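A quick write-up on the structure given underneath.
In the numbering used here, the protein residues as written are 1493 to 1889.
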């Protein structure tokens, strides 16, 4: 499908889904966004759903302003994937050992490494800029300075919620490695700090929704947020790179006889801000639950823990601000999923996948998510499919 346009106060709302399928609370959030004085465009992806502060699956283009809640609290959250030389024929009958080795190598949930993980420990992992990156921590908000040690030891860790590490096989039988994570606790604390600062600023007092408080250009508050935002986005990128290096190490050891090799990594943020130019205007484009899909750019759109994912290539559609969905998107809240589904349902819906099947991850059950195939079909004018993947191992926190 192409987009459907709904009227908005300052700009039209372009939706790559049927508005009738979007929750009322999410529609209200989008209508509120369209009232912001600084807004120049709003695109809504097919995985849209209600989010804390701002809608997940929204792309907001503003001039001279940025809304920290529209980035989300997991600054720089995103995906990485890499195709390997392994095939389905190389896989063992019992995948539990492989999952266990991954969980030993990469801390999950609130876990951290005992000792910091250094890029220099891994052959081929770029180390340029690493020392400078950590020196720049001295310039982030004083409110989070005491978290330095935790930020260092959580670098290269997964986290919980919808974050995951997967081994997948594509339709031609090739094995892929894939993971989803962001800027961990330090990103959340930076986001919470700046959202709190923004909500107290005088120019935000008359907004229809206090969660949409913005920073405006040429102010010290905007400068401070941009500094911390871009640092956290970099943290998220390093975090995924280190986890992928750890994951490759596990795969090399577990498939020693096959001598696996790895193709070039694909990586993309889906909670972030970028400076981009549209219709002759320099804009700050916020993607919360959306990836950049410029012409020829590779992206990753995952489904749930039992369905599969897609590797895509962007078509460069300016109407969506060169964006596409970040995943399948939830069709019910975590609490609703816990009320509706049981561990038996989880077992049934993840049959054939080596993964957790306990009450702690029932809220991540495939039934709580939209159909990834339908979500992909709704954005055929935004991306083209390169590969369809199906997971056989899924690690969650």
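A virtual CB, placed ideally from N, CA and C, is assigned to each residue, including glycine. Values in this document were obtained by computation on a predicted structure and should not be read as measured data.
- Here the C-alpha atom of residue 1561 lies approximately 6 Å from the C-alpha atom of residue 1546.
- Spatial neighbours of residue 1824 in its own chain (CB-CB distance under 6 Å, excluding positions within 5 residues in sequence) are listed in chain order as 1860.
- Residue environment analysis places residue 1749 among the exposed positions, since fewer than 16 neighbouring C-beta atoms fall within 10 angstroms of its C-beta.
- Annotated three-state conformation of residue 1797 is coil, per DSSP.
- A check of alpha carbon separations from residue 1542 across 1520, 1535, 1551 identifies 1520 as the nearest.
- For residue 1573, the enclosing beta strand (DSSP E) covers residues 1570 to 1579.
- Collapsing the DSSP output to three states places residue 1846 in a strand.
- In this model, residue 1702 and residue 1504 are separated by some 22 Å (Cα to Cα).
- Annotation: the continuous alpha helix (DSSP H) that includes residue 1721 extends over 1712 to 1746.
- The way I'd put it, the region 1782 to 1797 does touch the region 1810 to 1824; three or more beta-carbon pairs between them come closer than 8 Å.
- Put simply, the region 1865 to 1875 touches the region 1531 to 1541. At least three CB pairs are less than 8 Å apart.
- For the pair residue 1666 and residue 1579, the CB atoms are nearer than the 8 Å cut-off.
- If you check the CB distance, residue 1728 and residue 1569 come in under 8 Å.
- By the criterion of a C-beta distance shorter than 7 Å, residue 1612 is surrounded in its chain by 1619, once the five residues flanking it on both sides are discounted.
- According to the DSSP assignment, residue 1533 belongs to the beta strand (DSSP E) that extends over 1531 to 1541.
- Taken through DSSP and simplified to helix, strand or coil, residue 1822 comes out as strand.
- Residue environment for residue 1827: exposed (fewer than 16 other C-beta atoms within 10 angstroms of its C-beta).
- The alpha carbon of residue 1880 has as its nearest neighbour, out of 1735, 1588, 1802, the alpha carbon of 1802.
- Our two residues, residue 1672 and residue 1662, have alpha carbons roughly 18 Å apart in a direct line.
- Within its own chain, the residues whose Cβ lies closer than 8 Å to the Cβ of residue 1811, once the five positions on either side in sequence are excluded, are 1495, 1506, 1535, listed in chain order.
- When secondary structure is reduced to three states using DSSP, residue 1761 falls in the strand class.
- Put simply, of 1551, 1698, 1855, 1736 the residue whose alpha carbon is nearest the alpha carbon of residue 1599 is 1736.
- For residue 1603, the CB contacts under 7 Å within the same chain, skipping 5 residues up- and downstream, are 1649 in chain order.
- The beta-carbon separation of residue 1742 and residue 1597, rounded to 5 Å, stays under the 8 Å limit for a contact.
- Relative to residue 1779, the option among 1548, 1855, 1882 whose CA is nearest is 1548.
- Taking the Cβ atoms as the reference, residue 1775 lies roughly 14 Å from residue 1502, outside the contact range of under 8 Å.
- If you look at residue 1656, you'll find it in the beta strand (DSSP E) that goes 1656 to 1662.
- Sorting 1586, 1675, 1840 by C-alpha distance to the C-alpha of residue 1655 places 1675 at the top.
- Here residue 1644 carries a helix assignment [DSSP, helix/strand/coil].
- Across the set 1760, 1866, 1883, the C-alpha of 1866 shows the shortest separation from the C-alpha of residue 1513.
- Under the three-state reduction of DSSP output, residue 1512 falls in the helix class.
- For the pair residue 1567 and residue 1809, the CB atoms are not nearer than the 8 Å cut-off.
- Distance from the Cα of residue 1640 is smallest, within the candidate group 1724, 1854, 1884, for 1724.
- In this chain, residue 1772 is not harboured by any beta strand (DSSP E), its DSSP state being neither H nor E.
- Contact between residue 1785 and residue 1807 is confirmed by a C-beta separation of about 7 Å, below the 8 Å threshold.
- In this structure residue 1791 is buried. Its beta-carbon is surrounded by 16 or more other beta-carbon atoms within 10 angstroms.
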